[in-house]
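Under the working numbering, the first residue of the sequence shown is numbered 483, with each subsequent residue one higher.
From the three backbone atoms N, C-alpha and C, an ideal C-beta is built for every residue, glycine too.
On a predicted model such as this, the values are computed, not experimentally measured, just so you know.
Notes for the one structure printed next.
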Amino acid sequence: MSTDRPKIILDCDPGLDDAMAILVAVQHTDLLGITSVSGNAPLSATTRNALLVSQIADTDVEVHAGADRPLIIEPKHAAHVHGEGGLNGPTVPPLHRSPTSNDAVQFIVDTVRATDDVWLVPIGPLTNIALAFRQAPDIVAKVAGISLMGGSTGGGNVQPVAEFNIWADPHAAQIVFGSGAERIVMAGLNLTHQYTVDRDLAVRLAGIGTAVGTFAGEVIEACVEFSERMRGASTSPLHDPCAVLAVTHPQHFGSVKRHVDVSVSDITAGMTVVDERGYDDANANVEVLYEVDRDATIEVFVESVAAFS
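Rendered as structure tokens:
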């Protein structure tokens, strides 16, 4: 892997869109490891799916299983979106791989301590990252940054004011957003809903004629089917790749630094409270993404899929 590619740890809960984020990360980053977390599906399923995607992509990246529950609240999953097993829709082969370890948190700590300029890219609940920061506060200042998919400047998806990843472990999110990390980049719903896919893209990916192309096409088809069923829409947002692309292709994104906190109160649990007034810029802690060049980043995604043999 070229050393000029950003070094990342991809923390995920696959998940249809997580699977596509893995493909982009394999092609455009120095992917030091994948860590799984409970989220879209239980940990056993998200770990299995991370292994499956790495197997389909024929990459030898390490996969480390992480937290099987949030810090405080009961586990929450998104079977209505991703299916009980997390990858509802695409055809997947039998799994022939096992996790490298069952201690994702220790892997994160050890890797950040041993390696300079590591980006943490969490695209699921922030449990593993919060546990790593709590166990080893010294790594907060060492990471190059945190680029996460989660939150929103406005309304939510799973709740009126909360996006799923933050809602699934708001206490962990509160730790991460309040960690003091030098760079936190937030790809929230306000951004990811601009990054849409449709059936034409599914056909284009399948037409690549490879196993990865077929898999990616089936994932996009499943995403569009869900949007049709739930919203009557012919397009679907593809959330998670945005957090990877914001690191690999930052020129295609526009951001404003804001102060962001996370609510853990009952009625607003998981809400990312984004101060857009401009009064508190001195305490701004998050680069909130507002704009994405959808066409350019879709081409990066397609090229990533096409690069697999």
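Self-check item: Reference residue 512, options 681, 726, 769, closest by Cα
Solution: Among 681, 726, 769, the Cα nearest to that of residue 512 belongs to 726.
Practice problem: For residue 656, count neighbouring C-beta atoms within 10 Å of its own C-beta (all shown protein chains included) and say buried if the count is 16 or more, exposed if not. | Solution: Taking all protein chains in view, the Cβ of residue 656 is crowded by 16 or more other Cβ atoms within 10 Å, so the residue is classified as buried.
Quiz item: Which same chain residues, not among the five before or five after residue 621, have their C-beta less than 8 angstroms away from its C-beta?
Solution: The residues are 590, 591, 594, 595, 614, 615.
Quiz item: Assuming residue 697 and residue 504 make a contact with CB atoms under 8 angstroms, what is their CB distance in whole Å?
Solution: Not a contact, Cβ separation roughly 11 angstroms.
Exercise. Give the secondary structure of residue 523 by DSSP, where H, G and I count as helix, E and B as strand, and everything else as coil.
Key: Reduced to three states, the DSSP call for residue 523 is coil.
Practice problem: Sort out for me which residues DSSP pairs residue 735 with in a bridge. | Solution: Its beta-bridge partners are 774.
Quiz item: Distance, Cα to Cα, residue 691 vs residue 562?
Solution: Each residue's alpha carbon lies about 30 angstroms from the other.
Quiz item: What does a CB cutoff of less than 6 angstroms around residue 628 pick up in its chain, not counting 5 residues either side in sequence?
Solution: Within the same chain, residue 628 has close Cβ partners 602, 663, 666.
Quiz item: Looking only at C-alpha atoms, which of 757, 536, 522, 755 sits nearest to residue 608?
Solution: Nearest C-alpha to residue 608: 522.
Exercise. Compare the Cα-Cα distances from residue 566 to each of 759, 631, 497 and report the closest residue.
Key: Closest by alpha carbon: 497.
Self-check item: Residue span of the beta strand (DSSP E) that contains residue 547, given as start and end
Solution: Here the beta strand (DSSP E) through residue 547 covers 545-547.
Quiz prompt | Boundaries (first-last residue) of the alpha helix (DSSP H) holding residue 609 | solution = Taken as a continuous stretch (DSSP letters only), the alpha helix (DSSP H) holding residue 609 covers 609-617.
Self-check item: Beta-carbon proximity of residue 543 to residue 501, cut-off 8 angstroms
Solution: For residue 543 and residue 501, no; Cβs fall outside 8 angstroms.
Practice problem: Can you check DSSP and say which residues form a bridge with residue 741? | Solution: Answer is 757.
Quiz item: Near residue 680, what residues of its chain come up, given a Cβ to Cβ distance below 7 angstroms and the 5 sequence neighbours on each side ignored?
Solution: In chain order, 706, 716, 717 place their CB closer than 7 angstroms to the CB of residue 680, counting only its own chain and leaving out the 5 sequence neighbours on each side.
Quiz item: Going by alpha carbons, who is nearest to residue 747 out of 632, 582, 652, 551?
Solution: Closest option to residue 747, Cα to Cα, is 652.
Quiz item: If you count every other CB in all the chains shown that lies within 10 Å of the CB of residue 781, and 16 or more means buried, which is it?
Solution: With a threshold of 16 other beta carbon atoms within 10 Å, residue 781 falls short and is exposed.
Quiz item: Can you name the start and end residues of the beta strand (DSSP E) that residue 719 belongs to?
Solution: Going by DSSP, residue 719 is part of the beta strand (DSSP E) stretching over 717-719.
Practice problem: Within 10 angstroms of the Cβ of residue 668, are there 16 or more other Cβ atoms? Answer buried if so, exposed if not. | Solution: Flag for residue 668 reads buried.
Quiz item: Exposed or buried, what is residue 771 when buried is set at 16 or more other beta-carbons lying within 10 Å of its beta-carbon?
Solution: The residue in question, residue 771, is buried, as its Cβ has 16 or more Cβ neighbours within 10 Å.
Quiz item: What are the start and end residues of the beta strand (DSSP E) that includes residue 678?
Solution: Start and end: 678-680.
Quiz item: residue 631 bridges to which residues according to DSSP?
Solution: DSSP output for residue 631 lists 669 as bridge partner(s).
Self-check item: For residue 513, the residue or residues it bridges with in DSSP
Solution: For residue 513, which the question treats as bridged, DSSP gives the partners 490.
Quiz item: Between residue 487 and residue 769, what straight-line distance do the alpha-carbon atoms span, to the nearest angstrom?
Solution: Whole-angstrom Cα-Cα distance: 21 angstroms.
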